[in-house]
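Here is the structure we will look at.
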Amino acid sequence: FLAAWAFVGVALLLTFPMWITVNSLGDPDNGVIFAGYIGSFLMAGAFLSIGSFVSALTKNQVIAFIVSAVICFLFVMSGYPMVLNFFKAWAPGFIVSGIEAMSFLSHFQEITKGLITLQSLLFYASLIAFFLFANTLAVEQKKAE
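Position one of the sequence shown corresponds to residue 1 (this note's numbering), numbered consecutively onward.
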């Protein structure tokens with residue numbers, strides 16, 4: 001996990017020359033850009049931890065990829081207004097707010113506005129920790145079999 005996450009970090013660092021170019025051509029808000037990098041790095045870690053967990057559950061890596069992509073897609077889509085409006089029509093308010101709270105999109109959008117809140121950091125950190133812990137349990141269970 002850490003190697004893959006470091007690889008993502010290096011890939012993000014390779015976009016740094018674009019940031020320099022944008023700064024030479026204009027006057028962007030560097031705090032927002034830096035926050036976007038942090039948000040991208042955290043969301044990538046969450047995606048990787050979900051993928052690692054699903055990979056530990058399946059024997060076929062293609063199935064692991066498809067299931068991981070679907071789970072990550074659901075985490076992202078749960079924050080779209082159209083999805084939330086669908087649930088608002090029939091679900092109680094606490095369910096809708098719970099769905100929105102579990103959305104990658106709402107936390108990522110908050111970070112990309114330059115607001116790096118403790119809530120968003122804890123969301124990504126706890127999600128990463130949960131799926132890595134579940135991954136460890138899945139691997140230990142397979143060892144026991």
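Using N, Cα and C, we set each Cβ at its ideal position, and we do this for glycine too.
Please state whether DSSP places residue i in a helix, a strand or coil.
i, result
"Ile116", "coil"
"Phe1", "coil"
"Thr15", "coil"
"Glu140", "helix"
"Gly26", "coil"
Could you check whether residue j and residue i sit closer than 7 Å to each other, using their CB atoms as the reference points?
i, j, result
"Ala11", "Leu127", "no"
"Leu122", "Glu100", "no"
"Ile95", "Ile71", "no"
"Ala56", "Ala138", "yes"
"His107", "Ser120", "yes"
"Ser68", "Ser103", "no"
Using alpha carbons as the reference points, say which of the options lies closest to residue i.
i, options, result
"Ile111", "Leu42, Gly93, Ala89", "Leu42"
"Phe75", "Gly93, Ala44, Gly9, Asn135", "Ala44"
"Asp29", "Gly114, Leu132, Glu145", "Gly114"
"Phe7", "Tyr124, Gly79, Leu48", "Leu48"
"Phe53", "Gly36, Ile63, Thr136", "Thr136"
"Phe73", "Leu105, Ala89, Ser24", "Leu105"
"Phe14", "Asn23, Tyr37, Ile66, Ala144", "Before going on, a small fix: residue 14 reads as Leu here, not Phe. When each option's Cα is compared against that of Leu14, the closest is Tyr37."
"Ala35", "Trp90, Gln141, Gln109, Met18", "Gln109"
Inside the stretch 36-109 only - alpha helix (DSSP H) runs reaching at least 4 residues: 61-77, 81-88, 93-101
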